[in-house]
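The structure appears below as structure tokens.
Protein chains: 2
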Amino acid sequence: MAVSIKDIARVANVSYSTVSRALNDNPRVQAQTKARIQRIASEMGYLPSAVGRSLVTRRTRTIGIVVSTITDLFYAEVIDAIEETGFNHGYAVFLANSGGVPQRELAAIRALRERWVDGLIVVSCCSSKEELCAERVIDIPVVVINNAHRDHIGYSIEVDNVAGGQAATRHLLQLGHRRISHIVGPTTEWDAVERHSGYKQAMQAYGLTVDPALIVRGNSRPKGGIEAMKRLLALPAPPTAVFCYNDATALGAVRAARDAGLRIPQDLSVVGFDDIDLASYLEPPLTTVAQPRRAMGERAVEMILALLAGGPSVADCMLPGKLVVRGSTAALGQS
Amino acid sequence: MAVSIKDIARVANVSYSTVSRALNDNPRVQAQTKARIQRIASEMGYLPSAVGRSLVTRRTRTIGIVVSTITDLFYAEVIDAIEETGFNHGYAVFLANSGGVPQRELAAIRALRERWVDGLIVVSCCSSKEELCAERVIDIPVVVINNAHRDHIGYSIEVDNVAGGQAATRHLLQLGHRRISHIVGPTTEWDAVERHSGYKQAMQAYGLTVDPALIVRGNSRPKGGIEAMKRLLALPAPPTAVFCYNDATALGAVRAARDAGLRIPQDLSVVGFDDIDLASYLEPPLTTVAQPRRAMGERAVEMILALLAGGPSVADCMLPGKLVVRGSTAALGQS
DNA sequence: TTGAAAGCGTTACCAT
DNA sequence: ATGGTAACGCTTTCAA
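So the sequence lines, in the order shown, correspond to chains W and E.
Heads up: the first sequence runs through residues 1 to 335, numbered per our numbering.
Heads up: the second sequence runs through residues 1001 to 1335, numbered per our numbering.
Following this line, the structure appears as structure tokens:
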């Protein structure tokens, strides 16, 4: 049986309120007594119970994270940053995977709320505002990173997907490409819609009309990239460049193009999105739009903490992406 | 203010013990009353408090995970499996990163124990047994996945690293290679020692003595693989094949070899370890030793649950790795 | 400076 | 079948 403040009180021959004060370094207890109690507590191997404390303070110093999957290289680092920032502020984090399934996401949120998390960070939120309201999520601070839809829930942190899509596409245009494909992400994801929109805007800015045949669907994973690329290569006039929803998709696109005998970037330029750690180690190193993953995680925690502190001025936050040019893109016709 | 069983009791005009029973589907309450109470609870938006419950049951239905970093592709999937398995059994998981720093790992464990986690899963444990005992971790169920050292703490789950190292090396030997390098992982990691040992055993089984110059150190990340490969290529007699501590190292090795003008696998065969998701999408697809990552996570949770249930027969568990032959290895002299 | 006691939300035991 | 109450570990008033 674990030792509690009552046990310490008995040994130290003081009331347990005094023990509580001493352990919390409350000034209203004699320095000498305080030191003695702390020594005894340490000797007895006392470990405070967050459960007991939470029941009275109504705070758990705990943050819940719900994410579609941490096996996505992009999310992993966001979560790593959340955990680190939280830990530095004395917060522990719960992790729950939704698998992108709203029902599972809601069940996870419910489980976290039963455990009285002080705040909730939902990465790639997939449930609707209605569903979330029914879960009464809103009565605790909520920050949504990369919201999958347009409902405004809690506070949001996103990368500027439109600008990122524009930058990627413009880069290809500047290299002389005109038949530029876009492998779209799951249209259930709002960021996919936005990147697509950025692509279209960049094309239009160059006075180009987009051939609908050049727009194909991926699934955000390599397999989807392979399938999409195969369809593009079967076209009468295949693209000379392709902007992919994300790096994982790009990986698949590169593989399919290679299998068809194309060289990257001489025969086909490829741009991704995310800048996963491995991107620079691929062959060729992948040109991509980097997301400020750690910053996103840090900001999310800071926003939660500000909200908990009753912060007056918490606002949604849109961070810029950054085009990173590597070896998978080259000027048109440079064989 | 959240609604509690007392609020429900007031509305339902029963004692709150009855409410508790009704909500827990206790048979000792009239079916009619039960239904009425449950309806009222639902209408009032009642959410049970795990904090209150834990205080009396002394269980939190919570598992703590401590891992060096989830940005390692290998760990991410192990954790994904832990979370999924835990969730299916009604357990939520805390996630803490140690960064491979013992002091941080211990601080994380302490934070989790304060929160009364029912069990602890340490992935790639880096603190010593003494340190862990001082944290009194052992009075809750502990499972260590891929222990970094040889101390026996709690129960362990590992892949058979020796056999994996042997399989990788034997594969290269069977392809006719004789000058086979090994890029070792951090020697602080026990699995690195074991894989190295497997390598040596396989070489000896073929009657070969290992040239010490062919053994170089990596750091388990691509950068380390690059540096190591550069040193190998500068050798008077460079290797024709290299077995890398893990896939990330292999990625770096491949890059360095390519940059030096070598073709993979014609000029150099490369084998990794882990079988990260991307391995099959690399160019060329990476030959590697697959670890049963999901199984490791599932087993860890099952062991914790068995221990919590007072299970009689919980035992350490060693899972086999599996050589996956892809395009990064080829027979010697097949240019 | 210290003690006594209430109370957080829940379960579980003992009565009725 | 239901009610009353103690207990879990802690913080926080209110008294002394």
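Ideal placement from N, C-alpha and C gives every residue a C-beta, glycine not left out.
Keep in mind that this is a model prediction, so the values were computed, not measured.
Relative to the alpha-carbon of residue i, which residue among the options has its alpha-carbon at the smallest distance?
i	options	result
E:Val1051	W:Glu43, W:Gly198 and W:Thr62	W:Thr62
E:Arg1221	W:Tyr281, W:Arg104, W:Arg28 and W:Ala81	W:Tyr281
W:Ala35	W:Ala22, W:Arg28 and W:Glu43	W:Ala22
E:Ile1276	E:Asp1247, E:Leu1235, E:Val1254 and E:Cys1133	E:Asp1247
W:Ser128	W:Arg150, W:Ile145, W:Arg299 and W:Phe243	W:Arg150
E:Ala1148	E:Thr1187, E:Tyr1155, E:Ala1168 and E:Ala1134	E:Thr1187
E:Ala1306	E:Ala1031, E:Arg1179, E:His1089 and E:Tyr1075	E:His1089
W:Thr336	W:Gly64, W:Leu73, W:Val289 and W:Asn146	Outside the modelled stretch of chain W, which goes from 1 to 335, sits residue 336 of chain W, for which no answer is possible.
W:Glu77	W:Ser42, W:Leu55, W:Ile37 and W:Val123	W:Val123
E:Phe1087	W:Phe94, W:Gly86 and W:Thr85	W:Phe94
Within 9 Å of any Cβ in chain W, is that where the Cβ of residue i sits?
i	result
E:Tyr1281	yes
E:Gly1421	Lying before the first or after the last residue shown, residue 1421 of chain E is absent from chain E, which here runs from 1001 to 1335.
E:Gly1218	no
E:Gly1261	no
E:Ile1077	In the sequence as presented, Ile is not what sits at residue 1077 of chain E; that position holds Glu. Yes, because at least one Cβ of chain W sits closer than 9 Å to the Cβ of E:Glu1077.
E:Val1093	yes
E:Ala1096	yes
E:Pro1222	yes
E:Phe1087	yes
E:Leu1172	no
E:Leu1073	yes
E:Ile1153	no
E:Asp1080	yes
Could you tell me if residue i is buried or exposed, where buried requires 16 or more neighbouring beta carbons within 10 angstroms of its beta carbon?
i	result
W:Cys125	buried
E:Lys1006	exposed
W:Ala241	buried
E:Ala1009	buried
W:Ser269	buried
E:Arg1299	buried
W:Arg293	buried
E:Glu1043	exposed
W:Asp139	exposed
E:Ser1015	exposed
E:Asp1118	buried
W:Asn24	exposed
Going straight from the alpha carbon of residue i to that of residue j, what length do you get?
i	j	result
W:Thr60	W:Tyr46	19 Å
E:Val1271	W:Arg326	26 Å
E:Leu1319	E:Ala1163	10 Å
E:Gly1165	W:Arg39	50 Å
E:Val1384	W:Gly198	Nothing can be reported for residue 1384 of chain E, as the shown portion of chain E is limited to 1001 through 1335.
W:Val143	W:His152	10 Å
E:Glu1083	W:Glu189	23 Å
E:Ser1258	E:Gly1252	Ser is not the amino acid found at residue 1258 of chain E; the sequence shown has Arg there. Cα-Cα distance, rounded: 10 Å.
E:Asp1205	E:Met1303	Note that residue 1205 of chain E corresponds to Ala in the displayed sequence, not to Asp. Approximately 36 Å between the Cα atoms of the pair.
E:Val1019	W:Ala315	41 Å
W:Leu235	W:Leu286	24 Å
W:Ala167	W:Arg231	25 Å
E:Ile1065	E:Ile1079	8 Å
E:Thr1069	W:Met1	33 Å
E:Val1184	E:Gly1218	6 Å
W:Leu233	W:Gly225	12 Å
E:Pro1048	E:Leu1106	32 Å
W:Ser156	W:Leu332	39 Å
E:Val1101	W:Leu175	46 Å
E:Arg1113	E:Glu1131	15 Å
W:Asp191	E:Gln1291	33 Å
Hey, is residue i's beta-carbon within less than 9 Å of any beta-carbon in chain E?
i	result
W:Asp277	yes
W:Ile65	yes
W:Arg136	yes
W:Arg258	yes
W:Asp160	no
W:Glu227	no
W:Thr336	Chain W is shown from 1 up to 335; residue 336 of chain W falls before or after that span and cannot be answered.
W:Arg255	yes
W:Glu130	no
- Query: Closer than 9 Å, Cβ to any Cβ of chain E: which residues of the region 106-127 of chain W, in chain order?
  - Reply: Across the region 106-127 of chain W, CB contacts with chain E closer than 9 Å involve Ala107, Ala108, Arg110, Ala111, Leu112, Arg113, Glu114, Arg115 and Trp116, in sequence order along the chain.
- Query: What are the residues of the region 1236-1252 of chain E that lie near chain W, defined by any Cβ-Cβ distance shorter than 7 Å?
  - Reply: The residues in question are Leu1251 and Gly1252.
- Compile a chain-ordered list of the residues in the region 38-61 of chain W whose CB is closer than 8 Å to at least one CB of chain E. Gly45, Leu47, Pro48, Ser49, Ala50, Val51, Gly52, Ser54, Leu55 and Thr60
- Scan the region 1293-1313 of chain E for residues whose Cβ lies nearer than 7 Å to a Cβ of chain W and list them as they occur along the chain. none
- Given a limit of 9 Å on CB to CB distance, which residues of the region 1180-1194 of chain E reach chain W? none
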